[in-house]
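One structure is given below, encoded as C-alpha cells.
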Amino acid sequence: LPICVSYSTVSRFIEENSKFVCGTVNQALAAAMRGLVREYFLVVTQLEHQFRLGLLTLQKMWYYVQSCMRTMDMLSTVALLVNKGSCRGGKTLSVLHSLTASRLGDQKTHELCLHLVEAACKPYFEMLSKWMYQGTVEDPYCEFMIEEHELIQKDRLHQEYNDAYWERRYTVCQENTPSFLESLADKILRTGKYLNVIKECGCEVDSSLPSSSVPLDFPPLELQPIGYAPHERLYMEQVERAHAYASKQLLQMMLDGQDLVGYLRSIKH
Numbered sequence: 002l003p004i005c006v007s008y009s010t011v012s013r014f015i016e017e018n019s020k021f022v023c024g025t026v027n028q029a030l031a032a033a034m035r036g037l038v039r040e041y042f043l044v045v046t047q048l049e050h051q052f053r054l055g056l057l058t059l060q061k062m063w064y065y066v067q068s069c070m071r072t073m074d075m076l077s078t079v080a081l082l083v084n085k086g087s088c089r090g091g092k093t094l095s096v097l098h099s100l101t102a103s104r105l106g107d108q109k110t111h112e113l114c115l116h117l118v119e120a121a122c123k124p125y126f127e128m129l130s131k132w133m134y135q136g137t138v139e140d141p142y143c144e145f146m147i148e149e150h151e152l153i154q155k156d157r158l159h160q161e162y163n164d165a166y167w168e169r170r171y172t173v174c175q176e177n178t179p180s181f182l183e184s185l186a187d188k189i190l191r192t193g194k195y196l197n198v199i200k201e202c203g204c205e206v207d208s209s210l211p212s213s214s215v216p217l218d219f220p221p222l223e224l225q226p227i228g229y230a231p232h233e234r235l236y237m238e239q240v241e242r243a244h245a246y247a248s249k250q251l252l253q254m255m256l257d258g259q260d261l262v263g264y265l266r267s268i269k270h
C-alpha cells in the first residue's frame, strides 16, 4: 500500500529532524508529526484486533485506512518538500504556509496543514516576540529572520558619529524570513533596533510597564502572544503596535534623558 511508503518517509523525517542541530522549528514540526503518527498506530492496533477476532475483511480494512492514507500522504509531502529544500527555520515555515494556502479547497487537508504550521511557528514566534518586545536575539541554531553580528563592535561609536554600527550590527536574513512576514521584515528589524538603542544608552526596556529610567507619558504596551494566522493583517496590527511603542520610547528617551533639543540648539548656534 502507498500508506506504507508514506509512513516510512515520515518516520525517517521525524527521526532526522528531532535532533537539536535541525533547529527548534523543525523539531516542533517533527513533534507535531509524531502526534499524528500515534493516531495511525491506534488505527493499526484496532485493525489488528479486528483481524484476531476474525472480523476484518479486505473491504473493511480499505474503508478504515482511507483517512489515515490522506493524513500520511500529506505528512509525506511535507517531509519531502522540507528535505528537498534543506529547509529550516523561516524557510520551513514558508513551505508550510504555501501548502496551507494551496489546500483551502480541501477542508480536512487544510486543517491538517494548519495544525502543522501552527505547531512549527510556536518557537519561531517566541524568538520574534523577544526581539520586538525586548530587543533580544535568542537564535542558537541560526533559524531566525534577524541576524546579530557580534563581531561588529561599538568601541569607536563615541569617536565616529555615524549609523554604520546600527546598520551592520543587526540585519535581516532573507532566507530565514517566512513568506508571510516578508512585507513586515524592515519594520520588525527597526522595532528591535530601537529597543537596543535604548539599552545601549543605559536605560531599561520593559514592554509591559513604563521604564523607571525614562519617564513616559503614554500607556504601556499590552503584550499579546503572536501566533500563526493565514492573513497578514493580523501580524501587521501587532507589529505596528510594537513598532509605535518602541519609537515612542526611543524618542522620549532622547528628549528627556539625552536632552536632544538642547543638543540641537547647541549645534544651531
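The sequence shown maps to residues 2 to 270 in our numbering. C-beta: ideal position from N, C-alpha, C; glycine also.
* **Contacting residues, own chain, Cβ-Cβ under 8 Å from Ala-33 (five flanking each side not counted)** => His-116, Leu-117, Ala-120 and Ala-121
* Got a sec? Which residues, its chain only, sit under 7 Å from Leu-105 by beta carbon, not counting five neighbours each side? -> His-111
* **Inter-residue spacing [alpha-carbon to alpha-carbon] between Met-133 and Met-237** => 13 Å
* Nearest to Asp-187 (by Cα), restricted to the options Arg-39, Cys-174 and Ile-199 -> Cys-174
* Could you tell me the distance, in whole angstroms, from the CA atom of Tyr-125 to the CA atom of Arg-170? => 21 Å
* Asked: Anyone know if the C-beta pair for Val-26 and Glu-144 falls short of 7 Å?
  -> yes
* With burial defined as no fewer than 16 other Cβ atoms inside 10 Å of the residue's Cβ, what is the status of Asp-218: buried or exposed? -> Interpretation of Asp-218 is limited by its pLDDT of 46, a score under 50 that renders its predicted location unreliable; the figure taken from the coordinates is listed afterwards. With fewer than 16 other Cβ atoms within 10 Å, it is exposed.
* Could you tell me the boundaries of the alpha helix (DSSP H) in which Thr-172 lies? => Here Thr-172 belongs to no alpha helix (DSSP H); instead the beta strand (DSSP E) covers 171-173.
* Asked: beta strand (DSSP E) containing Glu-151: first to last residue?
  -> Looking at the DSSP string, Glu-151 is not in any beta strand (DSSP E), and its letter there is neither H nor E.
* To do: Identify whether Asp-274 lies in helix, strand or coil by the three-state DSSP scheme.
  => This structure gives no information on residue 274, because the portion of the chain shown stretches from 2 to 270.
* Classification of His-150 by the beta-carbon crowding that lies within 10 angstroms, buried from 16 upward -> exposed
* Asked: What's the gap between the Cα of Phe-21 and the Cα of Leu-57?
  -> 42 Å
* Pick out whichever of Met-70, Gln-239, Leu-82 and Pro-141 has its Cα sitting closest to the Cα of Leu-37. => Met-70
* Asked: Quick one: is Phe-42 buried, meaning 16 or more other Cβ sit within 10 Å of its Cβ, or exposed?
  -> exposed
* Straight-line gap, Thr-137 to Ile-147 (C-alpha atoms, nearest Å) -> 10 Å
* Drop a sphere of 10 angstroms on the beta-carbon of Phe-181, count the other beta-carbons inside from all chains shown, and report buried for 16 or more, exposed for fewer. => buried
* Pro-179 beta carbon less than 7 Å from that of Ser-95 -> yes
* Just to confirm, are Arg-89 and Gly-193 a CB contact at a threshold of 7 Å? -> no
* Asked: To which residues of the same chain is Ser-99 closer than 8 Å at the C-beta, ignoring the five residues directly before and after it?
  -> Ser-180
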